[in-house]
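Quick notes on the structure that follows.
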Ligand code: DX5
Ligand code: ZN
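Numbering (the working numbering), first residue to last: 218 to 475.
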């Protein structure tokens with residue numbers, strides 16, 4: 218089977234139709250993707266990591282966001298392949314590996330083989346985005362490209378057809394618990410509008426400083442995958458906070474989007 222057929226560019230509309238016709242037929246509605254809450258285990262208690270993952274799974278998380286840092290691409294070192302491999306054995310949730318590392322092409326295979334279901338590689342260090350996407354698809358993983366706060370969306374948008382997800386950083390990567398950079402909202406709007414225009418149903422993931430107080434704004438701006446580290450693990454009741462986040466997302470309303 219050609220796995221690539223299962224991946225975007227799943228174009229949901231007929232791009233050959235003139236814009237006015239697509240509008241008239243309601244084709245320019247947002248390409249709805251399911252909303253997913255992705256706790257970032259960077260803020261979990263690493264001494265009890267399996268238990269923490271089980272707790273957020275029971276609390277209703279959709280994905281486990283797994284932050285990998287190499288001390289070069291970002292000024293911090295976190296966790297890597299053996300930890301991901303161990304978590305693979307204790308959770309059924311998809312593992313969403315976020316590689317904040319240089320030379321990602323050297324490491325994607327080992328992360329997928331260890332159990333990552335989706336892999337985000339940063340545009341700033343990815344020499345050939347279509348080749349990287351093809352490699353990830355051939356390995357059996359979903360392909361995502363991330364961009365840092367200072368990186369323009371144009372670095373990734375031309376390659377959207379090859380991808381399953383675009384990750385927009387709303388903090389400078391490297392540490393959990395930082396404040397949300399508001400400029401990320403504009404990026405979300407631009408990316409969502411452009412994907413809708415092209416009829417592409419990619420996930421848009423937002424990562425950094427997402428909390429109960431801003432998750433509705435982030436949803437309204439176009440994100441549908443919500444990474445939250447300190448916003449979830451810093452709360453005493455994971456079920457309560459995830460439910461409250463879902464409620465905010467449900468009431469955010471796409472109509473706010475311009
Ligand atoms: C930052 C990481 C994030 C981080 C998010 O470099 O990529 O995933 O853990 O943590 P919060 O939600 O606390 O900003
Ligand atoms: Zn991350």
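Ideal Cβ placement from N, Cα and C applies to all residues, glycine included. In this text the structure is predicted, and so the values were computed from the model without any measurement.
Other residues of its chain near residue i: CB distance less than 7 angstroms, five sequence neighbours each side excluded
{"i": "residue 285", "result": "295, 296, 297, 314, 315, 316, 317 and 318"}
{"i": "residue 238", "result": "Because residue 238 sits at a pLDDT of 41, beneath the cut-off of 50, its placement in the model cannot be relied upon, and the point is left open."}
{"i": "residue 257", "result": "282, 284, 393, 444, 445 and 446"}
{"i": "residue 242", "result": "Because the pLDDT of residue 242 is 41, which lies under 50, any placement of that residue in the model is unreliable, and the number read from its coordinates should be weighed accordingly. Nothing meets the Cβ criterion."}
{"i": "residue 240", "result": "At residue 240, the pLDDT of 39 sits below 50, so the modelled position is not reliable and the matter cannot be decided from this model."}
{"i": "residue 380", "result": "225, 350, 360, 361, 362 and 419"}
{"i": "residue 455", "result": "272, 273, 276 and 449"}
{"i": "residue 270", "result": "258, 281, 304, 307 and 308"}
{"i": "residue 372", "result": "340 and 364"}
Beta bridge counterpart(s) of residue i as assigned by DSSP
{"i": "residue 316", "result": "285 and 338"}
{"i": "residue 422", "result": "384 and 442"}
Residue span of the alpha helix (DSSP H) that contains residue i, given as start and end
{"i": "residue 463", "result": "455–467"}
{"i": "residue 354", "result": "346–356"}
{"i": "residue 414", "result": "400–415"}
{"i": "residue 377", "result": "Careful: residue 377 lies outside any alpha helix (DSSP H) and carries neither H nor E."}
{"i": "residue 330", "result": "325–331"}
{"i": "residue 448", "result": "447–450"}
Supposed contact pair residue j and residue i - C-beta distance, whole angstroms, cut 8 angstroms
{"i": "residue 360", "j": "residue 327", "result": "Contact flag wrong, Cβ pair sits at about 16 angstroms."}
{"i": "residue 421", "j": "residue 442", "result": "7 angstroms"}
{"i": "residue 278", "j": "residue 310", "result": "6 angstroms"}
{"i": "residue 459", "j": "residue 276", "result": "5 angstroms"}
{"i": "residue 438", "j": "residue 406", "result": "5 angstroms"}
{"i": "residue 332", "j": "residue 301", "result": "6 angstroms"}
Extent of the continuous beta strand (DSSP E) to which residue i belongs
{"i": "residue 359", "result": "359–364"}
Own chain residues within Cβ distance below 6 angstroms of residue i, not counting five before or after
{"i": "residue 329", "result": "356 and 358"}
{"i": "residue 469", "result": "433, 436 and 437"}
{"i": "residue 391", "result": "291, 292 and 293"}
{"i": "residue 267", "result": "307"}
{"i": "residue 345", "result": "none"}
Beta-carbon proximity list for residue i, same chain, < 8 angstroms, skipping 5 on both sides
{"i": "residue 404", "result": "364, 370 and 385"}
{"i": "residue 287", "result": "294, 317, 318 and 319"}
{"i": "residue 427", "result": "387, 397, 435, 443, 444, 445 and 448"}
{"i": "residue 465", "result": "429, 432, 433 and 436"}
Could you give the uninterrupted runs of the alpha helix (DSSP H) lying entirely in the segment 252–301, keeping only those of 4 residues or more?
-> 266–275
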